[in-house]
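Notes follow once the structure below has been shown.
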Amino acid sequence: MEHLDLERLNSNLPHRNLQPKLPLPEELASLILDDNRIRTEDNSFRRVEELWRAAAIRKLGVKNGLLSWDRLRQSHSTRASPTPFLSEQSNDVSSSVRFHIQPKLYNPAENTIHVTQKELLLNLKMTVLGISSQYHIWEPTTERFVQIGGGGSDEDRKRDFVLIDGEDEVVSHSFIKGFLKIGTLLRRLETFLSTLRSRSAKEGPTIHSLSHSLSTILDYLREVLSRCQPSNDQIMADNKIYPLLNIWSHYEIYEEILHALSQLFGRNYQLAPKDYPPFNLDPVPLLSHIYDHVNQHFERQSSSLIRAILSYMLTITSQEYLQEVARSVGFGGRLPESRLKSARKLKDDHNFELDDDDNDEEEDIFDLLDKIETSFPNFFPQRMLNLLPASQKSLVLLQIAKPDHFLLTSSAKAFSVRWFWSAKEILASWHRTPLSRRPSITHSPPNIFPSTSPSKPNIPDFRIFDLEPGTTTTPNPSIQVKNESFTVLSRFIQSFPEELPSLVPTFSELTSLVFRDLTEHSAKLSSSLLSLIIDEPGNLNFHSHLVILRSYLLVAAPSFKSRLLNALFSDAGEYELGGSSAHSISVRHHSRKTSKNAGQQPWAVGLSPNLLEREMWPPVGADLSFFLRTVIVDSLDKGKETEDGKMEREQVVEEAGWRLGFAIRDLPTGSGRDKWLDPLSIEALDFLYMDYKPPHLMEILISPDILAKYQRMFTFIMRIFRVESALKSLFRMSTHRNIAITLFPTLSQSRKLLLHFRFVSQAFVSSLSGYVFDTAIGGNFDPFLAQLSGQHLETELSHDADPAVQGAKFNDVFELSQRHSALLDDVLSACLLRSGQRGVGDLLRHCLELVLEFTIVVGELHRGRIEEYQAAPMIEELFKKYCTKMTMLTKVLKGLVDKGSTSSSLPFATYLHGSHAPTGGLEALYHLLVRIDLTSWWSNHNNLSARR
């Protein structure tokens, strides 16, 4: 209100002339008045009045009444902005006002450099290329560009300033910071590149390719950065003021590119050298890391230039690795020479003699396969990751088995795997049309010698000495060395699409298309080897080997079983030494020596007398070895008669005579571990096992681990045969009427217990034996063999079909080997022989041991070595133990069955419905429970005993 009153009073006062008390300052006078007038006129008050009057008359396009001292000068542009905002004025005006309002105090610790825009741009054009300039130099310890004269630490660097004329600290720092960042990142990548080059010779072709691609990218960036506007010539020629934002717009995209590259290699601008993360240069993690980085920029929809440069790095870096992977499966090249030599050696050593004890050759194939790389980058398609390890090994095995296979000799090896990015190449790959060849990245050196050289044609290498000095530096384009890196990368960027085609809208789908042919070839290679093993006859026919293993190591062949029982076991009802066999005749002189002490030896009921002649256990000797050898040879299939009357057998059967053999192993001794040294024990024959030497290639399908499972089953079967033979001897001793009267002639209750014990023992052992051969072995082996035969039939009916479809049941031989191992695991589980079934397996073994002890006691009673009053309590005690163990066994089996999925199924459902599904491992225990406790007699045994 006071101001309004003052204004009202002033408006009513009469007009008065302006009489300034102060003269015009010299600085202002120099701006607004003519220099001549300043020199000729006095600094009077009249000039001040004239100044303001002229300013009021001269509007200069001003639409508002705001006047400043700057507008008083006659040199003020008529095109001045009519706005009153200082931020929208020219740089000189705004910076002058800011400096006047907030003047900068002098600080001796500050390092401030005032530069013109021209000087700064000329220096920044060097700094942005990673070169030290007049104002900024490279500091190796921090790997940054710092201002000259400033400190090296972060605290000191904050007091360094470069001020552009007409700009304040904020604008100057914001403009210069971007150029320093580009130069710093470029220089850091150069330092990283020098590290790569020093290691490329050691790390392999992938590191060398990475260093080449990074070097090409850095050369390209230097080239384009040096061409950015304004050029050095324009800066030197023009004195005009460039808009800083317009200049920075040319460099901004390259800052983003270098930022992406620095993130890829862990050289971010904010990090100090001591904080750089370790960079893994192994090919697999390196390519995975680059791919993930490229994929991130595709997902973020980054600039096309950034995606193109990173894709170029992925293409070049992975080129050699992809070719190596392709060659490892015979796609685009042959196997490495070292593998071929090893494969040829195994092929030459394929056949070996029976007395060959050198096991080194048998391990060669596993050593060769173990050298194959099984880890791959994570960007490989999942189906390809599943196929590659098996395909690489299949190629090695195929080279051993059939070197002339069409996959090893066909022209398909000319194909290769490479990245493609253009829509034209993607479309061609999608429709399986030939792809265009990529332009070569290597070029022949230009001809720097004029064709008019007077040198003689026979010494063209000396033409350079005929040139005048400085000829090679002339601006003639024909003799200038071109920057091929810039050309190659420029072509790649020009052909790189802005967006991926609709056929492969994402980067992952493009990857699947790139590796599609390699994936199909890998599947074809695996199925070819599988077909060779399953379909073709010869010594590599897996079905025939399985039949041999089942017939002999699982004692499923009737002829071998009968000869084996005759050689190792006896069901005679009388104790005797020796017999009428060839083995007993050859060692009859030993029986004369041992006949004197025959009455002192316990009767190992169930064992063949021939094994006990030497009074040593285990019975080793050449006679036994020869006799067991004849058991194998005589039981082999005789083959089929041909038209010319000759007998012809399969090659696998023909070779089985020397591939199969009995062997003796040393078992551990000590307290509780030496039962195999006692012929009366059920483990008496554990020292004897059957060995099988498969062909080298079949060792993949019949590995030592799988053979060990067969041998565990063979040991278990031998124990069952021992108990069965002992029970047959017991029947002979207790059934013949002339002999039966000698067993408990006065103890009728003991005789009844003997007969009852004999009955339940026979029922249990016969049920167990039938279960082992029919359900555990037959129920699992028969479906497996039928599956092999079914796949063989499918292959014959559809030989022109896709190999991937043919191998629907088994994809490769290694999956077949795993299924073979799983088959043996099921058989062992069904027989309670797995390590996790030790408790219930011990119950089953104890039941068999009690039956064997029962037969031995009766045998001693039959021989008259003990009296009936001595045998009666022993048999009664064994029967009680047997009932307890059988009750516990059936109870545990019932608990296992109740936990399984077949507890509610009908007995033998798989056989009633004619299905070929395997009975499995634990699932088969239901059949065992039904066999040994069909009427729940053992389950109710305790109740029956209590009633009695």
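In the working numbering, the protein residues as written are 335 to 1282. Every residue gets a Cβ at the ideal spot worked out from N, C-alpha and C, and that includes glycine.
- Looking at the backbone, the Cα of residue 751 and that of residue 647 are separated by about 16 angstroms.
- Counted as a single uninterrupted DSSP element, the alpha helix (DSSP H) harbouring residue 880 occupies residues 876 to 882.
- The residue among 348, 520, 570 and 614 with its C-alpha nearest the C-alpha of residue 537 is 614.
- The residue among 335, 1207, 1078 and 938 with its C-alpha nearest the C-alpha of residue 1010 is 938.
- The three-state secondary structure of residue 858, taken from DSSP, is helix.
- Take residue 902, set aside five residues on each side of it, and the residues of its chain with a beta-carbon closer than 6 angstroms to its own are 942, in chain order.
- Proximity of the region 1218 to 1232 to the region 1110 to 1117 falls short of the contact definition, fewer than three beta-carbon pairs being nearer than 8 angstroms.
- Excluding the 5 residues flanking it on each side, residue 462 has same chain C-beta neighbours closer than 6 angstroms at 513, 516, 517 and 559, in chain order.
- For residue 1167, same chain residues with a beta-carbon under 8 angstroms away, outside a window of 5 residues either side, are 1046, 1047, 1050 and 1175 in chain order.
- With a minimum length of 4 residues, the unbroken runs of alpha helix (DSSP H) contained wholly in the region 540 to 592 fall at 566 to 571.
- DSSP places residue 1026 in the uninterrupted beta strand (DSSP E) bounded by 1022 to 1026.
- Residue 885 is positioned such that its CB atom lies no closer than 7 angstroms to that of residue 1040.
- Going by DSSP, residue 1042 is part of the alpha helix (DSSP H) stretching over 1038 to 1069.
- Residue 740: member of the alpha helix (DSSP H) spanning 740 to 743, first to last residue.
- If you draw a straight line from the Cα of residue 982 to the Cα of residue 988, it comes to about 9 angstroms.
- Residue pairing for residue 478: DSSP places it in a beta bridge opposite 473.
- Across the structure, residue 759 and residue 723 are spaced so that their CA atoms are roughly 29 angstroms apart.
- Judged by their CB atoms, residue 519 and residue 592 are nearer to each other than the 7 angstroms cut-off.
- C-alpha of residue 529 to C-alpha of residue 847: approximately 35 angstroms in a straight line.
- The beta carbon of residue 1083 lies closer than 6 angstroms to none in the same chain, with the five residues before and after it left out.
- With respect to residue 1024, residue 1158 sits apart: the two C-beta atoms are not nearer than 7 angstroms.
- Put simply, the backbone Cα of residue 1199 is about 43 angstroms away from that of residue 1026.
- A contact between stretches requires three or more CB pairs, one per stretch, nearer than 8 angstroms, and the region 537 to 546 meets this requirement with the region 651 to 658.
- Across the structure, residue 1160 and residue 1110 are spaced so that their CA atoms are roughly 8 angstroms apart.
- Of all alpha-carbon atoms in 953, 1260 and 1081, the one lying nearest the alpha-carbon of residue 1203 is that of 1081.
- Looking at the backbone, the Cα of residue 1163 and that of residue 601 are separated by about 57 angstroms.
- By DSSP's assignment, residue 447 forms a beta bridge with 496.
- Residue 1144 carries a coil assignment under DSSP once its states are collapsed to helix, strand and coil.
- Residue 995: not part of any alpha helix (DSSP H); member of the beta strand (DSSP E) spanning 994 to 998, first to last residue.
- 7 angstroms or more divides the Cβ of residue 1088 from the Cβ of residue 1189.
- Residue 450 and residue 499 do touch by the CB rule: their CB atoms are close to 5 angstroms apart, below 8 angstroms.
- Taking all protein chains shown into account, residue 434 has fewer than 16 neighbouring C-beta atoms within 10 Å of its C-beta and is therefore exposed.
- Short of 6 angstroms from the beta carbon of residue 953, and not among the five residues preceding or following it, lie these beta carbons of its own chain, in chain order: 945.
- Exposed is the label assigned to residue 997, since fewer than 16 other Cβ atoms lie within 10 Å of its Cβ.
- Contact annotation: residue 823 and residue 649 have beta-carbon atoms that are not nearer than 7 angstroms.
- Sorting 661, 1061, 621 and 875 by C-alpha distance to the C-alpha of residue 644 places 621 at the top.
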